[in-house]
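Chemist: Residue numbers (this note's numbering), protein chains in the order written: chain A, 13 to 363; chain B, 5 to 915.
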Amino acid sequence: MKHYLTAGLAGLVLLLSAAEGELLNNPKLEKNAAGWANWGRKQGTTLTSTAEGLQVKAVGPKLNQGPGQTLKLKSGYEYEYSCRLKGKLGEHSSATVLSWNFPKLKRGGKLRQIRGTFDWWEHKVKFTVPQNSDGITAIRPVILTGPGEVMLEWVSVKELGEAVISRKGPEKKIPVIVPVKHPKKVIDFSQEKPVNVRAHVNEKVSPPPKGCSVENRDGAFVVNYRFTTAGHDALMFDIVKNIDSCKKVSMEITSDGKGHRLFFVLTDKSGEAHLTSKPILLNFKGKKNFNMVIPLPPEKPYNILDSIWGGDGNQHLDLPLKSMTVVLDDSPDASTDSGVITIKNLNIGNW
Amino acid sequence: MKIKSLCIAALSFLLLNSHAEIILRKAETAPKLDGVIRAGEWPEPLSCPFKKVVTLEPAEEKTEVRMQYDREYLYVALSNPVEITSTSSGIFSQPRYELRLGKLPDVKVFAVTLDGRHIYPANGWDAAWGKGVIELRIPLSLLSGYRIYSCNIVCDNGKGASSMFPIPILNYNDFDSMRKIYLGNPEEIAAAEKRLESDNQALRESRMEFCKQFAGRKSPLIVGAKAQSFQVPEAWKPYRFASGKDFYFMFLPRMPFVPNRENTIPLFQNAAYQVHSWDLDRGFREKSQPLTKLLNDPETNLSGYILKKTSNPIMYNTESAAGYSLPEQELKEKKESREEFIRKYGSRLLCVDINESVGAGGGFPTMIRLAKLPVPKTKAEAYEQLRKLSFDPARTYIRDWAVFYPELAPYRAPISCTHTDHIFLSYGFGMAGQEYGPKTLDMPFAHCVSRGAARQYGKPMRYYLTTHDNKLVFPGCEKNYRNYSYNDYRKALRPGTRSFSFGIKYKTLLVGKVSGPQYGVPKDDWRRCFIYTYMAGGNVFHDESGHYLMYAKYNWKTIDREDPLAVNLREPKQYLSDMGAMMAEFYDRIVCKEDRGMVYAPVALMWDLHHGYFSNYTPIPWGCINSTEGDLMMHSVENALFPKSERIYYNRGFRTGPYGDIFDVITNNASAKTLNGYPVIFFCGDVPVNAELAKKLVDYVRNGGTLAVNWKQFEPFAKLFPTDFPGAEISASDRRKAQCSYSTFSGKMLMEDQMFYYTAAKLRKGSYAAVFTADERKDPLVIVSTYGKGKVILSMPDFLKEQYTDRMLKIFHDLMAELRDRTLPLKVKGDVQYLVHRNRKGWLVSLFNNYGSGFNRTWDNPQNQNDPKYDVSVTIKPGFKYKAVREWFTGSSQLTLNVPAGDVRVVEITK
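1) Closer than 9 Å, Cβ to Cβ, to anything on chain B: give me those residues from the region 110-129 of chain A, in chain order.
2) Express the C-alpha separation of Leu-108(B) and Val-515(B) in angstroms, rounding to a whole number.
3) If you compare alpha carbons, which of Gly-689(B), Asp-564(B), Lys-766(B) is closest to Lys-805(B)?
4) Touching or not, the region 223-233 of chain A and the region 321-334 of chain A, by the rule of three or more beta carbon pairs under 8 Å?
5) Can you grab the Cα-Cα spacing for the pair Val-305(A) / His-194(A), in whole Å?
6) Report all residues from its chain with a CB closer than 7 Å to the CB of Lys-197(A); omit the five preceding and five following residues, and keep chain order.
7) Can you list the alpha helix (DSSP H) stretches of 4 or more residues lying completely in the region 703-783 of chain B, in chain order?
8) Would you please verify whether the beta carbon of Met-336(A) is less than 9 Å from any beta carbon of chain B?
9) Does the CB of Ser-350(A) have a neighbour CB from chain B at under 9 Å?
10) Could you check whether the region 855-862 of chain B touches the region 898-906 of chain B, counting it as contact only if at least three pairs of C-beta atoms, one from each stretch, sit closer than 8 Å?
11) DSSP beta-bridge partners for Ile-189(A)?
12) Please list, in chain order, the chain B residues whose beta carbon lies closer than 7 Å to that of Ile-155(A).
13) What's the gap between the Cα of Gly-136(B) and the Cα of Ala-695(B)?
14) Output the distance between the C-alpha atoms of Gly-47(A) and Glu-165(A), rounded to the nearest integer angstrom.
15) Rounded to whole angstroms, what's the CA-CA distance from Ile-27(B) to Pro-115(A)? Just pull it up for me.
16) Return the Cβ separation of Phe-590(B) and Ile-535(B) in integer angstroms, given the expectation that the two are a contact with Cβ distance under 8 Å.
17) May I ask which residues mark the beginning and end of the beta strand (DSSP E) holding Trp-611(B)?
18) Just the Cα atoms here: how many angstroms apart are Lys-723(B) and Val-57(B)?
19) Do Lys-483(B) and Trp-173(B) have their beta-carbon atoms positioned less than 9 Å apart in this structure?
20) Counting only beta-carbon separations shorter than 9 Å, does Leu-569(B) have a partner in chain A?
21) By the DSSP assignment, the alpha helix (DSSP H) with Lys-43(A) in it spans what residues?
22) Listed from N- to C-terminal order along the chain, which residues in the region 124-141 of chain B have their beta-carbon within a distance smaller than 9 Å of any beta-carbon of chain A?
23) By DSSP's criteria, Gln-81(A) is part of a beta bridge. Which residues make up the other side?
24) Restricting to Cα atoms, I'd like to know which of Leu-330(B), Pro-369(B), Tyr-277(B), Gly-456(B) is closest to Ser-315(B).
25) Of all the beta strand (DSSP E) runs that stay within the bounds of the region 361-441 of chain B, which reach a length of 3 or more residues?
26) Please list the terminal residues of the continuous beta strand (DSSP E) segment that includes Gln-273(B).
27) Please list the segments of the beta strand (DSSP E) lying wholly inside the region 670-696 of chain B, counting only runs of 3 or more residues, in order along the chain.
28) Please tell me whether Ala-498(B) and Pro-576(B) are closer than 9 Å, where the distance is taken between their beta carbons.
29) From Val-910(B) to Thr-537(B), what does the alpha carbon distance come to, in whole angstroms?
30) What number of angstroms, rounded off, separates the C-alpha of Ile-95(B) from the C-alpha of Thr-117(B)?
31) By alpha-carbon positions, which one of Glu-360(B), Phe-251(B), Phe-478(B) ends up nearest to Pro-539(B)?
32) What does DSSP give as the partner residue(s) for Pro-499(B) in the beta ladder?
33) Using beta-carbon positions only, say whether Lys-381(B) and Ile-629(B) come within less than 9 Å of one another.
34) Can you give the beta carbon distance from Lys-356(A) to Glu-264(A), rounded, assuming they're within the 8 Å contact cut?
35) Taking 8 Å as the limit between beta carbons, can you name the residues of its chain near Ala-219(B), skipping five residues before and five after?
36) Take Asp-825(B) as the anchor and find which of Lys-648(B), Ser-789(B), Pro-662(B) has the nearest alpha-carbon.
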């Protein structure tokens, strides 16, 4: 009897020590992952407890998500993040394993992406919560893309202690990125004249092909385009104006729904051109309002980006802008096509 | 007495600020080396509390350092030495103190373990361990410089490192962190140094005067019949694969230019491809059933495509995900898959390949620790341990999981970033070769070793290039642990694109990374690498960054004229990059059309098969065996044949040797056929000789070979040879020393930097002292004798090297120059690296100008033009009649030609 008690006590101690320091709620994902959110519920992703663990199953072709839990961690601390899983994915599917995200900073990380069929394996990674984070961390052990099944036996997040990162000295000399300050204002382009209308014809800068035109009609830029080659074609025009605030842009677009793309190029004080990193997809028919932050890639020390060229070459958006270029790009390049796009109430600034 | 003590204290004052120099006191009487600090025996400790490396926090240990000197020695006492807290996680393989001393840049390392064994160098200095004290006695003759030395002491307690003078970066050899110690008053030292120079000059002049009497005395021919015939053995022909080809560029199938796909060119059509478990875009090296997964890889994937839709040769990488210790039960590769793989693809399989099989992660000492094997006492024991580890059925000690499966065993071909070639081939593995790169490993020497091994065992040799750079430092990154830059074209839409980031290594250390088409190594340096491997006889060349740099998303010929906006908006296409074009051009013009013949390497360096000479990783044999003077000779020979030059940007990889790349390395188990192929065999290091080898060597010389051996190498085995084999009678006990000699090779007096020791010899009849002491005794130092049709060259100075250092004597250099001149069918004049080849038409000379590229490149101008100031004019003087001359790249028919900085020329001389 004494032996049983001793063994039982030892077992309890082991159990307690195993769970010691665990920060996740329901790390074994029991009861259909109670305490976990199903981020993929809308896409039809299911979380089902089985004898082997939690089955994460998806059938849709695109991003299907998976289980998630949000933790409040300590800034500047290091954590060990691990899980054990196996899976079987469709041909074009993938599973992102052990991802974490700091919503405030809009960044995070992941351990790896797996495709195909994979057997039981314990995955482990360490991460540090950045000093400038509020500590809120989204923990997502598996994110499924495409159809497939993943069996999760357990997930764990444990604190390792204060992160020791020696950044003394070195970073001081690295250029400090000064964020661009955009004064609060709205700059209205609706009465501006489109100038310097030009085209790309099969990748070459050319005069606009016959039939192309851009004009300001009743406060709207009416773009008549013709893409004539199987290569890259585009039609573009400039709005030349001193622009001292350009964080956001808004407009009403009337699209012909042919799937082409709208880009902007901001030409700064020195003549350096900054191309927006994400286009507006013109895959809708009819009118649609846009009110968005102008998507420019983040500025990082020493980086030289393809999307920035000319001018003083400092890779920094120096206000005021000299001009903004509106670019209608054919998509795909192979398309030969024509149509009309209208951009009304084009405003830029910071609001 | 009190005043005297005060004076001593005043003399031994120690300045505390960080840049202060330290003036040591002269010991009145030499301290007893017994591990005990007695009153008055040592000065006060230096006020230099140890600080942790990199973080510069105060170290936990409170080591006190005392230093003093006398006429002959520097004395160091370390009290309160650290306790070993761990043996597994430190930077060094064994917890220890390392004392670094010398005149920059020639700093010597004296390493002393905490457990009572001094380990490196094994000889020439002394240490004693007591309770809480380690005392060292170092002869000043071991140190370069005169009474002013740069110094630091590093300590590793098994957990982390600390140092006497702060080291802010993880580089214990960081000269900036060293401080000067003065052995006496600086003014006195300066005056004494001047006197010394003057004395040396007087000695030099008097010896030169003495040597005038020998002017005109010429050495007889020192090589046998074999060297004079310039015959090239069949065994030297490059290895031919079953396909009939003798060379493949090899690529990862991540590249879009796989054979039979759009845009492909002959370089890619005819290449070999590496298929492995981690190119399937699963993001990490498969840990279970990788071969099964590879077989199931669909044809739409590149690996699947290579396997199933092409007939190109392949290599299969069996590098384990867990590095040096993956158990089989985690791999679980199916027998049916192994059999299917070999059945379907075995005929195309060049090998299953592993790189860095011994070395990274601590090397051999780490392996034996993992395997719980005892530290070997001899090299032969270490050799057998590595064999055991290489075939261990339970774990992947050399990273290679093919060890578990008999179906893959015949294809195993591990290589290392050091000289494991002969050792691995003797275990039965399939290929010689090494990992090398501009910043990685002595390139010509690595090829000498691999080529010799390949010829000795009749196997192919493959080379694995590490291309990245570690020299470009961005402002603010000077103190980083590492700064890497990569020739990475993968994401760039334009040549000027640059991506900069930081990483963290070992939890705390910053690593800077920069990638972009203009970063990484200078492109001409990269070009010289693959041309060198091809011309040096390589059979497979694989650039580990090939998939970064062979293709680009822009056309490098037109991109300058293209509109940046259009470049951004158009759908990306794949083009051959400018670097890819370099290789493609070389492939089309040279590999496909010219006959590289075979490398003519008339001098074989003979090593012990069990050598453990892993010079890239460790200064001592196998990383754990005390080194001898013979072992130091191996380092010294490498340094002498392929010296590092401050004039070469990547001087770790690129070397311009004064004697050309005329060497192969063979080992003492080589067959008679292998030995007989070489006109000259030169013993290097401690080379055990048994009766069988002795007989082979005697026959070799009798048949026209030339054997160059040092008395220290020959003496232990002299009884195995006929008494008249060496050309002298030697009394081993008659030991003498000298500093000057006269050489009949060059007709010059040779004055060494320090005294050397030698054994006196009496010439036999018919023998000749080609080099002798430049004094009245005229003791023979290099003795040439005839035996059969061949020659024996016996040298008498111990290992032909400076005692306890890694430098050969000038006598060695003089001998080597003579051997070069007597064994090559032509002379190459000009400061250039060269290889000599024999092809079907006649002779070739490959010329590599390592100078003038790389220097003056900066973080914002990384691919600057080569400096024409470093163009080299080279003249080739054939010693035979010839019909025509043609340079392969320019078509020139001149034997005097300009080799532009960083460039290559190959001159074909048709007989």
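We put the beta carbon where it would ideally sit given N, CA and C, even for glycine.
The model shown is predicted, which means the values in this text are computed figures rather than measured ones.
Modeler: Reading it off the structure:
1) Leu-123, Arg-124, Gln-125, Ile-126, Arg-127, Gly-128, Thr-129: these are the residues of the region 110-129 of chain A whose beta carbon lies less than 9 Å from some beta carbon of chain B, given in chain order.
2) Each residue's alpha carbon lies about 27 Å from the other.
3) Per the Cα distances, Gly-689(B).
4) Between the region 223-233 of chain A and the region 321-334 of chain A there are fewer than three C-beta pairs closer than 8 Å, too few to call the two in contact.
5) A direct Cα-Cα distance of roughly 12 Å separates Val-305(A) from His-194(A).
6) The answer, listed in chain order, is Ser-257, Gly-361, Asn-362.
7) Qualifying alpha helix (DSSP H) stretches, in chain order: 715-718.
8) With 9 Å as the cut-off, Met-336(A) does not count as an interface residue toward chain B.
9) No, Ser-350(A) lies away from the interface with chain B (no Cβ there is under 9 Å from its Cβ).
10) Between the region 855-862 of chain B and the region 898-906 of chain B, the count of C-beta pairs closer than 8 Å reaches three or more; the two stretches touch.
11) In the DSSP output, where bridge partners are listed per residue, Ile-189(A) has none listed.
12) Here the premise fails: no neighbours, minimum Cβ distance about 13 Å.
13) Cα to Cα, the separation comes out at about 49 Å.
14) Looking at the backbone, the Cα of Gly-47(A) and that of Glu-165(A) are separated by about 16 Å.
15) Cα to Cα, Ile-27(B) sits roughly 59 Å from Pro-115(A).
16) Confirmed, Cβ separation roughly 6 Å.
17) Trp-611(B) -> beta strand (DSSP E) spans 607-611.
18) Near 53 Å, if we compare the C-alpha coordinates of Val-57(B) and Lys-723(B).
19) What sits at residue 173(B) in the sequence shown is Ile, not Trp. Contact flag set, yes.
20) At least one chain A Cβ lies under 9 Å of Leu-569(B).
21) According to the DSSP assignment, Lys-43(A) belongs to the alpha helix (DSSP H) that extends over 42-45.
22) Cβ contacts with chain A come from no residue of the region 124-141 of chain B.
23) According to DSSP, Gln-81(A) shares a beta bridge with Ile-151(A).
24) Looking from the CA of Ser-315(B), the closest CA among Leu-330(B), Pro-369(B), Tyr-277(B), Gly-456(B) belongs to Tyr-277(B).
25) The DSSP assignment places complete beta strand (DSSP E) segments of no fewer than 3 residues inside the region 361-441 of chain B at 416-418, 436-440, in order along the chain.
26) Gln-273(B) -> not in any beta strand (DSSP E); alpha helix (DSSP H) instead, spanning 270-273.
27) Complete beta strand (DSSP E) runs here, min 3: 684-687.
28) The residue you asked about is not Ala; residue 498(B) is Arg in the sequence shown. Using a Cβ distance threshold of 9 Å, Arg-498(B) and Pro-576(B) do not count as a contacting pair.
29) The alpha-carbon atoms of Val-910(B) and Thr-537(B) are separated by roughly 14 Å.
30) Bear in mind that the predicted position of Ile-95(B) carries a pLDDT of just 46, short of 50, making it unreliable; the figure below should be weighed with that in mind. C-alpha separation (whole angstroms): 14 Å.
31) One detail in the question is off: residue 539(B) reads as Met in this sequence, not Pro. The shortest C-alpha separation from Met-539(B) is found at Phe-251(B).
32) None; Pro-499(B) has no bridge partner.
33) Taking C-beta atoms as the reference points, Lys-381(B) and Ile-629(B) count as a pair closer than 9 Å.
34) Yes, Lys-356(A) and Glu-264(A) are in contact; Cβ-Cβ is about 4 Å, under 8 Å.
35) Contacts found: Gly-751.
36) For the residues Lys-648(B), Ser-789(B), Pro-662(B), the minimum Cα distance to Asp-825(B) belongs to Pro-662(B).
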